[in-house]
Amino acid sequence: MARILATGIVTLDHTLDVEVYPAEDGEVRALDSTTQPGGNATNTAAILAQFGHRPGLAAVVAAGADGDALTEQLKARGLDIRHCVRRPGVTPTSHILRSRATGSRTIVHHRDLPELAVADLAAIPWPEYDWLHFEGRNPEALASILRAARDSIFDQPLSLELEKPRPGLEACLDYADVLMLSRDWAANIADSPEAALKQLAARFPDRILTVTAGSAGAWMAARGEIHHRAPTPGLRVVDSVGAGDTFNAGLIHALVSGEPPEQALTAAVRLAERKLVQVGFEGLAAEVSDPGAWPG
C-alpha cells in the first residue's frame with residue numbers, strides 16, 4: 001500500500017452528545033461524553049491507515065505529558081509521527097456538541113500553539129512518499145512548504161484541502177494536483193458548487209477538483225467533465241463529525257489505488273455516508289457494499 005504524508009493539525013476533541021441542540025443560556029444534561037484525537041489531517045490519515053496504507057502525520061504537538069499521551073493515541077491509530085514537532089504550549093482542543101436528533105455537530109475550537117513553520121518541515125524527505133496531503137491553513141508558511149515539496153518530488157500527487165476561506169490561500173492553489181473544496185470555499189467563487197468547479201476547471205484544466213456540499217452530495221471536475229454524486233436516499237445521519245475528512249480519505253485511497261476519478265468520487269461519497277450513519281471512525285474501511293447493511 002501507499003506511503004502517504006498528511007500535513008496539518010492535531011487536536012484533542014471533547015464530544016458531548018445531547019438530545020437536541022440547547023438554546024442559548026440553557027442547561028441540558030449530556031447523554032454521553034468522549035475524548036479522542038481529531039483535526040482534519042489527523043482524521044484523514046487515521047482512516048487511510050484502516051485501508052492498509054502507511055500514513056505519516058506532520059503537525060505541531062504540545063510538549064509535556066498531555067502531548068505525550070496524545071502521540072501515543074496517534075501511534076495506536078497507525079500513524080507515523082516522526083515528522084510531528086513538539087512546542088511549548090497547550091494542546092489545541094475542539095469542544096463538540098453533537099445532536100442525536102439530527103446528527104449535526106457544533107464545534108468551538110481553541111488553539112494556543114504555534115502552527116507548523118517552514119523550517120519544521122525542511123528535513124522531510126518528500127520524494128519518499130507516494131502521496132502528499134495538506135490542510136489549507138497558515139497560508140504564509142503553507143505556500144513556501146508546498147513550493148518546496150513540489151520542487152522535490154517527481155510525479156507524486158499532491159492534494160490540498162480548502163475548508164475555511166483564509167486570506168492568502170489563493171496563492172497555494174497552483175501547487176496542488178487535487179483540490180478538495182468545502183461548500184464555503186466554493187461559495188467564495190460562485191453561487192453553486194458546479195459553477196465554482198467550472199471556473200476553477202478553466203483555470204486548472206489538468207487538475208482533479210472536488211466540492212463537498214453536505215446533503216446536496218459532492219461534485220468533481222476531471223478530464224474536462226463535471227460529475228455529481230447525490231447522497232443515498234433515506235440516509236439517517238447519526239454523526240457528521242469528520243465526514244469531510246472521511247470523504248478526503250476515501251478520495252485519496254481510491255485515486256492512489258488507481259481508480260478513475262469519477263469512480264473515486266463515488267467511493268469517497270459512499271465512505272463519507274458510512275461515517276454519517278455511525279458514531280466515530282472505527283471500521284470505516286471494512287467491506288460493505290450495501291448501504292442498507294450499514295449501522296444506524
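Each residue of the sequence shown is one higher than the last, beginning at 1 in this note's numbering.
Using N, Cα and C, we set each Cβ at its ideal position, and we do this for glycine too.
All of these numbers come straight from a predicted model, not from anything done at the bench.
4-residue-minimum alpha helix (DSSP H) runs that sit fully inside the stretch 91 to 117, ordered along the chain: Complete alpha helix (DSSP H) runs here, min 4: none at all.
Buried or exposed (CB count within 10 angstroms, at least 16 for buried), residue 303: Outside the shown range of the chain (1 to 296) lies residue 303, about which nothing can therefore be said.
Rounded C-alpha distance that separates residue 128 from residue 153: Whole-angstrom Cα-Cα distance: 9 Å.
Endpoints, the beta strand (DSSP E) within which residue 58 is located: In the DSSP assignment, residue 58 falls within the unbroken beta strand (DSSP E) covering 54 to 58.
At least 3 beta-carbon pairs within less than 8 Å: the stretch 141 to 153 vs the stretch 118 to 127: The stretch 141 to 153, when compared against the stretch 118 to 127, does touch it at the 8 Å Cβ threshold.
Span separating the alpha-carbon of residue 5 from that of residue 22: Whole-angstrom Cα-Cα distance: 39 Å.
When 108, 205 and 187 are compared against residue 225, the one with the closest alpha-carbon: Restricting attention to 108, 205 and 187, the CA atom closest to the CA of residue 225 is found in 205.
Segment contact flag, the stretch 52 to 60 with the stretch 75 to 85, C-beta cutoff 8 Å, min 3 pairs: Flag = yes, the stretch 52 to 60 and the stretch 75 to 85 touch.
Alpha-carbon spacing of residue 215 relative to residue 102, whole angstroms: Residue 215 and residue 102 have their alpha carbons spaced roughly 12 Å apart.
CB-CB length for residue 207 against residue 178, believed under 8 Å: Going by Cβ atoms, the distance from residue 207 to residue 178 rounds to 7 Å, so yes, they are a contact pair.
Whole-angstrom distance between residue 19 and residue 257, CA atom to CA atom: Each residue's Cα considered, the two are about 40 Å apart.
Exposure label - residue 188; buried when at least 16 CB within 10 Å: An exposed status is given to residue 188, since fewer than 16 other beta-carbon atoms sit within 10 Å of its beta-carbon.
The stretch 70 to 80 touching the stretch 108 to 120, judged by at least three CB pairs closer than 8 Å: With the cut-off at 8 Å, the stretch 70 to 80 and the stretch 108 to 120 do not touch.
Per DSSP, cross-strand counterpart(s) of residue 3: Residue 3 pairs with 54.
CB contact below 8 Å: residue 144 versus chain B: No chain B is part of this structure, which consists of one protein chain only.
Cβ-based neighbour list, residue 176, same chain, cut-off 8 Å, excluding 5 preceding and 5 following: Counting only Cβ-Cβ distances below 8 Å, and skipping sequence neighbours, we find 134, 146, 158, 159, 160 and 207.
Alpha-carbon spacing of residue 221 relative to residue 96, whole angstroms: Cα to Cα, residue 221 sits roughly 33 Å from residue 96.
CB contact flag (residue 180, residue 271, <8 Å): In terms of Cβ geometry, residue 180 and residue 271 do not form a close pair [threshold 8 Å].
Bounding residues of the alpha helix (DSSP H) (the contiguous stretch that carries residue 256): Start and end: 243 to 256.
Test item: CB-CB of residue 268 and residue 286 under 8 Å: Residue 286 sits away from residue 268, with the two beta carbons spaced by 8 Å or more.
Own chain, CB closer than 6 Å to residue 16, minus 5 neighbours either side, in chain order: Excluding residues up to 5 positions away in sequence, 30, 33 and 97 lie with their Cβ nearer than 6 Å to the Cβ of residue 16 in the same chain.
Range of the contiguous beta strand (DSSP E) that encloses residue 230: Careful: residue 230 lies outside any beta strand (DSSP E) and carries neither H nor E.
Classification of residue 122 by the beta-carbon crowding that lies within 10 angstroms, buried from 16 upward: By the 16-neighbour rule on beta-carbons within 10 angstroms, residue 122 is exposed.
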